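At position 87 of the sequence shown the residue is numbered 81 (the numbering used here), and the sequence of numbers has no breaks.
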Amino acid sequence: MAKSIERLHAHVYGRVQGVGFRFYTIDAAVALGLTGWVANRYDDSVEVVAEGPRAALQQLLEYLQQGPSMARVDQVQHDFLPATRQYKRFSIEA
């Protein structure tokens, strides 16, 4: 039986670009065994799509709410959705 996984889709707002937020997110996601991607958006937010077990996604969400030391996270909007299982690893998307 396949392991139950879900998808976290999040937008992080605040001072989150130019402060290493994407690399911070990759490090956390890889350590948690998640797949998906992270990307800077034109509205100065960071978008994250991650798939894995719900407990690991909850941990990633906590990391996103904190951010790296140079960041200032004002808001994280997020949804939990069904996983698509389309990702093999976690990466930066353009």
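For each residue, glycine too, the CB sits at the ideal point set by N, CA and C. Source: prediction; values computed, not measured.
Closest Cα partner of residue i within the set the options
{"i": "Q60", "options": "G27, A22, Y36", "result": "A22"}
{"i": "F17", "options": "R83, H72, P62", "result": "P62"}
{"i": "A65", "options": "G30, G12, A25", "result": "G12"}
{"i": "H72", "options": "L55, R83, A25", "result": "L55"}
Local Cβ density within 10 Å of residue i, reported as buried at 16 or more and exposed below that
{"i": "T78", "result": "exposed"}
{"i": "G27", "result": "exposed"}
Helix, strand or coil at residue i according to DSSP, with G and I counted as helix
{"i": "D21", "result": "helix"}
{"i": "Y7", "result": "strand"}
{"i": "M75", "result": "Before going on, a small fix: residue 75 reads as Leu here, not Met. Here L75 sits in strand by DSSP."}
{"i": "L28", "result": "coil"}
CB contact flag (residue i, residue j, <7 Å)
{"i": "V43", "j": "W31", "result": "yes"}
{"i": "G14", "j": "D68", "result": "no"}
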